[in-house]
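Peer 1: For what it's worth, my numbering labels the leading residue of the sequence shown as 83, then goes sequentially. Have a look at this one.
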Amino acid sequence: MNPPEPGGQAGSVSPPVRPADDQLSLAARVRLLTGSDSWRTGAAPELGLRQMTTSDGPSGARGVSLDENAPSTCLPCPSAIGATWDPDLVERVARELGTEARSKGIDILLAPTINLMRTPLGGRGFECFSEDPLLTGQIGAAYVRGVQAAGVAATVKHFIGNDSETERWTYDARIAPGVLREVYLWPFEVCVRDAGTALVMASYNKVNGVPMTEHRGLLTEILRDEWGFTGVVISDWSAARSTVPTATGGLDLVMPGPDGPWGDLLVRAVEAGAVSEALVDDKVARLLRLADRVGARTRTPAATGTGAARQAGSDGSPRTGRAEGPRYIGQDLLRAVTAASFVLLRNQSGVLPLDPGSIGRLALIGPNAVRPSIQGGGSVTVRPARVRMPAESLTDLAEATTGFAVTVAQGCRNELAVPLPPTGSLHDPVTGEPGVRIEFRGPGGDLLAAEHASTSSGLWWDGTPDQIGWGRPGTLTLLARFRAEASGEHTISAAGVGDLAIAIDGHEIAAGRTPVPDDPVQSMVAPPDLQVTADLTAGSQITVTITLRPASDGAGPLAIRLGIASAQDDDALLAEAERAAAAADVAVVVVGSPEMGETEGMDRATLALPGRQDELVARVAAACQRTIVVVNAGMPVLMPWLDQVSAVLWAWLPGQEFGAALADVLAGRAEPGGRLPVTLPADEASCPVLHAIPDDGVLRYDEGALVGYRGYDAAEIAPAFPFGHGLGYTRWTYDGLRLPPGLAAGQDLVVEVDVTNAGARSGREVVQAYVEPPAGGPGRPVRVLGGFASAEADPGKRVTVGVRIPARVFARWDETAGQWAWQPGQYRIRVGSSSRVLPLTAAVTSGPAEPSPA
Ligand code: BGC
83 MNPPEPGGQA GSVSPPVRPA DDQLSLAARV RLLTGSDSWR TGAAPELGLR
133 QMTTSDGPSG ARGVSLDENA PSTCLPCPSA IGATWDPDLV ERVARELGTE
183 ARSKGIDILL APTINLMRTP LGGRGFECFS EDPLLTGQIG AAYVRGVQAA
233 GVAATVKHFI GNDSETERWT YDARIAPGVL REVYLWPFEV CVRDAGTALV
283 MASYNKVNGV PMTEHRGLLT EILRDEWGFT GVVISDWSAA RSTVPTATGG
333 LDLVMPGPDG PWGDLLVRAV EAGAVSEALV DDKVARLLRL ADRVGARTRT
383 PAATGTGAAR QAGSDGSPRT GRAEGPRYIG QDLLRAVTAA SFVLLRNQSG
433 VLPLDPGSIG RLALIGPNAV RPSIQGGGSV TVRPARVRMP AESLTDLAEA
483 TTGFAVTVAQ GCRNELAVPL PPTGSLHDPV TGEPGVRIEF RGPGGDLLAA
533 EHASTSSGLW WDGTPDQIGW GRPGTLTLLA RFRAEASGEH TISAAGVGDL
583 AIAIDGHEIA AGRTPVPDDP VQSMVAPPDL QVTADLTAGS QITVTITLRP
633 ASDGAGPLAI RLGIASAQDD DALLAEAERA AAAADVAVVV VGSPEMGETE
683 GMDRATLALP GRQDELVARV AAACQRTIVV VNAGMPVLMP WLDQVSAVLW
733 AWLPGQEFGA ALADVLAGRA EPGGRLPVTL PADEASCPVL HAIPDDGVLR
783 YDEGALVGYR GYDAAEIAPA FPFGHGLGYT RWTYDGLRLP PGLAAGQDLV
833 VEVDVTNAGA RSGREVVQAY VEPPAGGPGR PVRVLGGFAS AEADPGKRVT
883 VGVRIPARVF ARWDETAGQW AWQPGQYRIR VGSSSRVLPL TAAVTSGPAE
933 PSPA
């Protein structure tokens, strides 16, 4: 099969490009193979090549900074995107995302993440689409197509075995060849072969003993030679840690730069004959082909006034880009995809959608009602211009309908770190504006630069004065005037990696050194802190100054953060919530992950909701008969109160339109369209794979192919809710299943399914087809997802949908022969609304056959 090139403007197929070794010296060609800074590739004016700008993804297009003057649309997190089970919708959204990226001068989006949710505790699980490889591959391919249709190159990551965060830089994932092929490699293969992704990112970890940035077997033999990948293999940031093995293994581009293991060392390796010059030229040719795809040899990026664009001219090349501003993703589409991702898990007596006429008072309760987690932590983070909060949107709903009253109660605390002070409580002591002042000072205290920021959490990859950085003598200072809202003890937290000091009203009251975390990204997502307490009276003001001299051995982005919290009494918060619930007709309780509760760089330790959230739900449910729980989490949490509440709506980490989509769904203006892309466990003990803690640096994938629901099915474990579950707002009957008479070797199987909307409103059903193979045996799945399709119908109407099951589902990787083997015999095709509700069954027989279906 010939791999298609990326589609649309990014996909124009370029002829094989010669790097013009007569135009560029070896050193200059090698220089192109390492980034020129944190986010950009190098330029070569001799070749008409400008720098190319990369940006994280996948939940937005952040640009090269978290500059608040250059905001980015914040999409629902990828697990929410996976929950749509709707590749067409995902492609539309991704195309809009690509357009936003393009309008900000971004050439390469570092997304999507197509690792699998191997364990529910995986800190970065929210950044994956599913626990299932077929669903991941189809959603991932749609995402790649959409982004690339907008003229931006997509990067599928992290290749491969980066399915958890503990020791992610070093662990050795031991994965059997058949499991790699059938489970973990498959989504990458689909994104390479079917969607033509322009880049693949090599991960930090090792696989079967070899670092992924050096893995010739995977990067060269499988990715290039077998799948025909013609794009660029880019390293994860600082993942390339050797010269010759990475160069000969199959890596093309080392990021970030300008330093790194290639440069002069690679030139010398070529001169010494350890790396062939032809290999260098192949890497340059791949880079130039990428440049042609994104127009980096023919046009300049848009100049938009964003952080990305402002810094885009540092190669000295002229920038004549368009003057129009960024093109953000349309709000209506964003709101629609957010609602389409919400999964209705439980809906006793049809309590949802709510009838506003039946509500006099609605109590909105919970720590995540007040402070929702709209996105996960780490490189995925973006700064949206505006977030629609639940209270605001429910109040709008009340005003637009019957005028019911909305009361808000926090209910309890759930934060892991001292929270950022409430908006409006901080002011810049110099300008008086809301927010804080950041100062960059030299070793002698001389002021080098200063800026205003609206939040007390600052982050820099580049762009600080030369004297400020890891191992440099200068300091970062954050100053803020804080006005206390409540009387009593307040905790003040100064976070950052290095030497920290806290001063109040000019008097230093604490100083100390914080440790350097194991993973550089932790400096940003969970910086260690220094804490002091202060007794304040409501309305009083203090000036807080925190000073950080970054550690000499730190790495990653520089971060400084001021947190301030008044000592809140959980007992009082719980009692207040109970009173609010008792006085209301409906209680909507929003619980879930706190800020940075789910993040890159760290796995979670437990599936339990943090703080006293379980107690909160139980007490509210006892006080209010109509209690609706909204779970604001990107990955599974336990729900011990499940049977006590009327409805449960899973909202993921929903992005900036959270409130608007929530109001739409609660009021029935939109259907909660999602289906679970991950199994929700009943408890920790019954999770087939709970932790991913390496043992002496080794992480064994001992469950083999039994990932996610496959493990639950094989061991006959009952989850809280199975993979694929989701109720929507109508009911469906499954009426008929038709299969072709036989299954030809190497062919897809297309089955027809009749379903009827047996409810009272129009809706969408996700029809799921599972395949039960003839010969099971130890370690083999009972059934696997073979395909899915959307059915949409008005009440009472029957529709027929076709579900395509790819040939690969009927093959196994023969480890001895090292090739795909078609499995003859009788397959049961089972169709229904989840992996555990499968009312339709039919059999199809396949004879033994050549050739292999790969
Ligand atoms: C992450 C990547 C990300 C890169 C750049 C790494 O720590 O693993 O997903 O693209 O940083 O931010």
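Beta carbons: idealized from backbone N, C-alpha and C, even for Gly.
1. Quick one: what does DSSP say proline 160 is sitting in, helix, strand or coil?
2. Considering only C-alpha positions, which residue in the set Leu446, Ala109, Val849 is nearest to alanine 745?
3. Helix, strand or coil for proline 34, going by three-state DSSP, please let me know.
4. Please go through the same chain and pick out, in chain order, the residues whose beta-carbon is closer than 6 Å to the beta-carbon of arginine 664, but skip the five residues on each side of it.
5. Using a 10 Å radius around the Cβ and a threshold of 16 neighbouring Cβ atoms, would you call threonine 838 buried or exposed?
6. Tell me isoleucine 574's beta-bridge partners as DSSP assigns them.
7. Taking 7 Å as the line, does the beta carbon of lysine 288 fall inside it for any heavy atom of the ligand BGC?
8. Just to confirm before moving on: does the CB-CB distance between proline 449 and glutamine 492 stay below 8 Å?
9. CB glycine 790 to CB phenylalanine 805, shorter than 8 Å?
10. Just mark glutamine 623 as buried or exposed, buried being the case when its beta carbon has 16 or more other beta carbons within 10 Å.
11. Quick check: what's the CA-CA separation for glycine 89 versus aspartate 276?
12. Thinking C-beta only, is leucine 922 closer than 8 Å to glycine 929?
13. Taking only heavy atoms of the ligand BGC into account, decide whether any of them is closer than 7 Å to the Cβ of glutamate 680.
14. Quick one: using the 10 Å Cβ neighbour count with 16 as the cut-off for buried, is threonine 761 buried or exposed?
15. Output needed for cysteine 159: all residues of its chain with C-beta closer than 8 Å, excluding positions within five of it in sequence on either side, in chain order.
16. What does a CB cutoff of less than 6 Å around glycine 741 pick up in its chain, not counting 5 residues either side in sequence?
17. Less than 7 Å separating the Cβ of aspartate 138 from some heavy atom of the ligand BGC?
18. Starting from lysine 365, trace the alpha helix (DSSP H) both ways and give me its first and last residue.
19. Determine, using beta carbons only, whether isoleucine 520 and leucine 582 come nearer to each other than 8 Å.
20. Per DSSP, what kind of secondary structure is methionine 337 in: helix, strand or coil?
21. Would you call the CB atoms of glycine 114 and glycine 130 closer than 8 Å?
22. Using the DSSP secondary-structure output, state which residues sit across from serine 317 in a beta bridge.
23. Taking just the CA atoms, how far does arginine 298 sit from valine 376?
24. Check whether the Cβ atoms of glycine 524 and glutamate 247 lie closer than 8 Å to each other.
25. I'd like to check one pair, proline 516 with serine 536: are the Cβ atoms closer than 8 Å?
26. Quick check on this structure: which residue in Ala360, Glu359, Ser324, Gly355 has the alpha carbon closest to the alpha carbon of tryptophan 344?
27. Since I believe valine 349 is in contact with valine 329 (beta carbons under 8 Å), could you give me their beta-carbon distance rounded to a whole number of angstroms?
28. Determine the DSSP secondary structure at alanine 390, reduced to helix, strand or coil.
29. DSSP has lysine 879 in a bridge; who is on the other side?
30. What is the residue span of the beta strand (DSSP E) that aspartate 594 lies within?
31. What does DSSP give as the partner residue(s) for serine 539 in the beta ladder?
32. In the DSSP assignment, what are the bridge partners of tryptophan 814?
33. Helix, strand or coil for isoleucine 550, going by three-state DSSP, please let me know.
34. Thinking just about the alpha-carbon of each residue, which of Ala235, Leu108, Ala110 is nearest to the one in alanine 143?
35. Excluding five sequence neighbours on each side, which residues of the same chain lie with their C-beta closer than 6 Å to the C-beta of arginine 417?
36. My output table needs one value for glutamine 230: the three-state DSSP class, helix, strand or coil.
Peer 2: In brief:
1. helix
2. Leu446
3. Only positions 83 to 936 of the chain appear in the structure, and residue 34 is not among them; the question remains open.
4. Per the sequence shown, residue 664 should be read as alanine rather than arginine. These residues qualify, in order along the chain: Ala705.
5. buried
6. Val614, Ile646
7. no
8. yes
9. yes
10. Classification of glutamine 623: exposed, given that the 10 Å Cβ count is below 16.
11. With a pLDDT of only 32 at glycine 89, under the threshold of 50, the placement of this residue in the model should not be trusted, and no figure is reported.
12. no
13. no
14. With 16 or more Cβ atoms within 10 Å of its Cβ, threonine 761 is classed as buried.
15. Ser141, Phe208, Glu209, Gln457, Gly458, Val462, Gly716, Trp734, Leu735, Pro736, Gly737
16. In chain order, Arg470, Met471, Pro472, Glu474, Ser475 place their CB closer than 6 Å to the CB of glycine 741, counting only its own chain and leaving out the 5 sequence neighbours on each side.
17. True, at least one ligand heavy atom lies under 7 Å from that Cβ.
18. 359 to 376
19. Isoleucine 520 is not a Cβ neighbour of leucine 582, given a cutoff of 8 Å.
20. coil
21. Checking the sequence, you will find leucine at residue 114 rather than glycine. Judged by beta-carbon spacing, glycine 130 lies beyond the 8 Å limit of leucine 114, meaning their Cβ atoms are not closer than that value.
22. Note: serine 317 sits in a beta bridge opposite Ala284.
23. When rounded, the distance between both Cα atoms is 27 Å.
24. No.
25. yes
26. Ser324
27. The sequence as given places alanine at residue 329; valine does not occur at that position. With 8 Å as the limit, alanine 329 and valine 349 do not qualify as a contact, their Cβ atoms being about 11 Å apart.
28. Its pLDDT being 35, under 50, alanine 390 is placed unreliably by the model, and the measurement read from it follows with that caveat. Here alanine 390 sits in helix by DSSP.
29. In DSSP, lysine 879 forms no bridge with anything.
30. According to the sequence as given, residue 594 is glycine; it is not aspartate. Unbroken beta strand (DSSP E) run through glycine 594: 589 to 595.
31. Arg643
32. Asn839
33. coil
34. Ala235
35. Glu739, Ala742, Ala743
36. If DSSP states are grouped into helix, strand and coil, glutamine 230 belongs with the helices.
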